[in-house]
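Novice:
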Amino acid sequence: MSNDVSLRVKAQRLGGKLSAMVLPNLGAFMGWGILTALGIWLANDTLSGFVTPVLTYLLPVLIGVAGGKMVYGEKGAVIGAFTTMGVVIGANITMLLGAMIISPIAAWILKKVDGVIEPHIPVGFELLIGNLTVAILGAIIAVFGCVVLAPAITSLSGFFAAGVSALENNNLLPLTAIFIEPAKVLFLNNAIGQGILTPLGTTQLDELGKSVLFLLESNPGPGLGILLAYCLFGKGNSKANAYGATVIHFFGGIHEIYFPFILMKPVLVIAAIAGGIVGTFLFTLFGVGLVGVSSPGSIITIMMMSAAGDQLKILLAVLASAAASGIVASIILKGSKDVDEAEVNKSLKEAAKTMESLKGKKSRISSVFEDKEQEVDYSAIKKVLYVCDAGLGSSAMGASVIAKKLKKAGITDIGVEHARVMDLPREDADIIVTHVSLKDVAHEKQPDIKIISIEDYLNAPEYDELVNNIVSSRNK
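Going by the UniProt record's numbering, the first residue of the sequence shown is number 1, and it counts up by one from there.
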């Protein structure tokens with residue numbers, strides 16, 4: 001079991017690093033998708049002229065910048081962008097995957113080389129030698145990328161593309177929901193969507209002008225059906241929270257908000273799989289796709305990124321997906337024996353502990369951490385940092401909730417920010433808030449700080465407890 005957990009944690013961390021190269025550039029991806037769609041709809045040569053250069057050069061280079069910066073700051077960003085051009089020039093397909101591979105490797109090599117030579121640089125030659133190191137290493141790695149890595153990735157992409165085509169041709173693509181939906185609940189949604197499906201989907205754009213792969217993970221239908229089932233047949237807090245979660249999930253595109261509802265009753269993953277299978281089956285049956293990445297997975301962004309003429313078909317498939325998951329979830333929830341609100345809350349806490357174990361840590365570790373966390377001066381807090389996997393959707397929402405509660409309490413001098421958990425440590429943070437599934441990762445990255453773990457993104461009692469502690473400490 002420990003080996004399985006370890007592999008799961010490693011997969012999440014690897015996927016987090018891959019998605020971290022795409023997520024900062026989602027605006028550019030979506031902008032490119034909008035220009036592509038408008039160019040097709042309006043038959044405008046000027047707009048269409050953006051399509052190939054942006055896809056071929058700009059997007060891979062942006063990923064190269066993000067990948068290099070993730071490893072070695074600004075110098076890593078420079079060498080990451082430069083070496084990405086090597087794989088771009090050496091291939092006849094879009095090199096998003098190539099950029100994800102070569103840029104962090106190049107930045108890592110530069111970091112190691114700098115660590116060796118910097119102590120021996122004569123005074124006054126730091127700038128010259130520093131730039132020469134980037135130039136020489138960048139040139140060598142770029143040529144390697146052009147001559148060796150680009151052809152290898154082209155072959156690998158062809159292999160994966162053939163696999164996807166085989167699944168589509170044999171009507172087996174819907175079965176990918178068996179793997180995608182459970183993985184999403186383990187907070188691997190960004191790893192799957194941005195780290196795997198985005199590069200594969202982009203390779204289909206040159207040939208088809210759209211890709212169904214962009215819809216597999218971003219489809220909000222399975223989660224919508226489960227949340228609606230909770231609205232109808234849930235009990236206690238789970239039912240009350242489902243209403244707000246439904247709106248945020250479907251229109252806001254923050255899928256993480258429905259994951260705890262499944263973990264509270266894990267058999268509901270069957271409903272998610274059923275919804276995913278139905279949705280993907282209809283996507284392939286209708287022959288629909290998106291012209292770019294839809295992130296967050298909101299029905300609004302999905303409609304914006306839909307290929308010309310596909311909007312209604314995609315909407316029908318999403319709603320059918322929601323109906324399928326909703327029916328299965330309703331049967332499961334109706335068949336559950338009645339429990340009172342206290343028992344529901346207990347189930348939520350047990351689900352949180354389950355999620356902790358799924359992340360590869362024993363629950364007793366949390367109690368050890370909590371013992372170290374008790375000493376905190378709430379009156380001295382100046383910045384609260386809310387972290388999540390991607391640093392965007394759920395953390396931005398949670399940070400907004402806390403900021404509003406602080407403002408309502410009359411506290412205006414505390415900053416509330418959001419970030420990726422992998423961006424820790426943050427020396428400017430006085431306290432960290434995160435979902436219970438990421439608490440151990442946050443502790444690993446920044447062990448000497450108070451970390452508050454929550455289970456409910458919207459109505460976590462820990463939010464009020466934090467604000468009350470701050471208010472009471474300032475009133476002493």
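Heads up, the beta-carbon is just placed ideally off N, CA and C, and yes, glycines get one too.
(1) Do you know how far the Cα of G98 is from the Cα of A28?
(2) Is the separation between the beta-carbon of F250 and that of I299 shorter than 9 Å?
(3) Mark P122 as exposed unless 16 or more other C-beta atoms lie within 10 angstroms of its C-beta, in which case mark it buried.
(4) Over what stretch of residues does the beta strand (DSSP E) that includes Y386 continue unbroken?
(5) Since G415 sits in a beta bridge, which residues does DSSP pair it with?
(6) Under the three-state reduction of DSSP, which class applies to R426: helix, strand or coil?
(7) I'd like to check one pair, G326 with L228: are the Cβ atoms closer than 9 Å?
(8) Buried or exposed: which applies to K450, given that a residue is buried once 16 or more other Cβ atoms fall within 10 Å of its Cβ?
(9) What three-state label does DSSP hand T434 in the structure shown?
(10) List the endpoints of the continuous beta strand (DSSP E) containing I454.
(11) On the three-pair Cβ rule with 8 Å, is the stretch 153-165 touching the stretch 198-218?
(12) Measuring alpha carbon to alpha carbon, tell me which residue in L47, L132, A396 is nearest Y386.
(13) Take L268 as the anchor and find which of S336, G252, L213, G236 has the nearest alpha-carbon.
(14) Using 8 Å as the cut-off, can you tell me whether the stretch 45-64 makes contact with the stretch 304-324, which would need three or more C-beta pairs spanning the two stretches below that distance?
(15) Tell me where the alpha helix (DSSP H) around M264 begins and ends.
(16) Check whether the Cβ atoms of A322 and P220 lie closer than 9 Å to each other.
(17) What is the DSSP secondary structure of S218, reduced to helix, strand or coil?
(18) Are there three or more Cβ pairs, one per stretch, closer than 8 Å when the stretch 295-314 is compared with the stretch 227-241?
(19) Excluding the five sequence neighbours on either side, which residues of its own chain have a C-beta within less than 8 Å of the C-beta of T133, listed in chain order?
(20) Start and end of the alpha helix (DSSP H) containing N469?
(21) So the alpha helix (DSSP H) F50 belongs to, where does it begin and stop?
(22) Between which two residues does the alpha helix (DSSP H) holding M100 run?
(23) Compare the Cα-Cα distances from L224 to each of S155, A242, G31 and report the closest residue.
(24) What would DSSP say about L458, mapped onto helix, strand or coil?
(25) Could you tell me if Q374 is buried or exposed, where buried requires 16 or more neighbouring beta carbons within 10 angstroms of its beta carbon?
(26) Please report the distance separating the alpha-carbon of G137 from that of M85.
(27) Over what stretch of residues does the alpha helix (DSSP H) that includes A403 continue unbroken?
(28) Cα-Cα, which of G253, H443, P182 is closest to I273?
Specialist: Working from what's here:
(1) 18 Å
(2) Going by C-beta atoms, F250 is nearer than 9 Å to I299.
(3) exposed
(4) Boundaries of the beta strand (DSSP E) harbouring Y386: 383-388, taken from the DSSP string.
(5) K383
(6) coil
(7) Yes. Within cutoff.
(8) buried
(9) strand
(10) 450-454
(11) yes
(12) Cα-wise, what sits closest to Y386 is A396.
(13) S336
(14) no
(15) 259-264
(16) yes
(17) coil
(18) no
(19) L110, V113, D114, I117
(20) 461-474
(21) Run containing F50: none; DSSP gives neither H nor E here.
(22) 96-117
(23) A242
(24) coil
(25) Any answer about Q374 is weak, because its pLDDT of 48 lies below 50 and its placement is not dependable; what the coordinates show is given next. Exposed, because fewer than 16 other Cβ atoms sit within 10 Å of the Cβ of Q374.
(26) Per the sequence presented here, residue 137 reads as Leu, with Gly not at that position. Taking the straight line from one Cα to the other gives about 14 Å.
(27) 393-408
(28) P182
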